[in-house]
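In this text, residue positions in the sequence shown follow my numbering: the first is 2, and each later residue adds one. Beta carbons are placed, not taken as given, at the ideal position from N, Cα and C, and that holds for glycine. This report refers to the structure that appears directly beneath it.
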Amino acid sequence: IHHNPKDVSITDIVQVHEPNLYAFSELSGKIHIIDRKKPSEIKMTFEAGNTIHKLTSRGSLLYAACEDGFMRVFDVAK
Numbered sequence: 002i003h004h005n006p007k008d009v010s011i012t013d014i015v016q017v018h019e020p021n022l023y024a025f026s027e028l029s030g031k032i033h034i035i036d037r038k039k040p041s042e043i044k045m046t047f048e049a050g051n052t053i054h055k056l057t058s059r060g061s062l063l064y065a066a067c068e069d070g071f072m073r074v075f076d077v078a079k
């Protein structure tokens, strides 16, 4: 079992863009993208700015439902 980064509370996890890519969100509002083949390495990080309650993806787009009532959209392919 991998937990990266350490000392974060993960709120949701979804598969994105490619079969091996996963995004997980944390209470602090960050979204981390990892490759399941190398789960200890973070490929990229996005900052949503608020606690993320729910993640969903469609293609390369990642949608985050945030504590402040806004939905933020990130493109994992960029």
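Short Cβ contact (8 Å threshold) for residue i with residue j
i: Leu56; j: Ser10; result: no
i: Val15; j: Ser61; result: no
i: Asn51; j: Asp69; result: yes
i: Ile34; j: Ala65; result: no
i: Cys67; j: Ala49; result: yes
i: Leu22; j: Asp36; result: yes
i: Leu28; j: Thr12; result: yes
Coil, strand or helix - residue i by DSSP
i: Ala78; result: coil
i: Thr52; result: coil
i: Arg37; result: coil
i: Leu22; result: strand
i: Glu27; result: strand
i: Asp13; result: strand
i: Glu42; result: strand
i: Phe47; result: strand
Status (buried if at least 16 other CB within 10 Å, exposed otherwise) for residue i
i: His54; result: exposed
i: Gly30; result: buried
i: Val17; result: buried
Residues bridged to residue i [DSSP beta-bridge criterion]
i: Ser61; result: Answer is none; Ser61 lacks a bridge partner.
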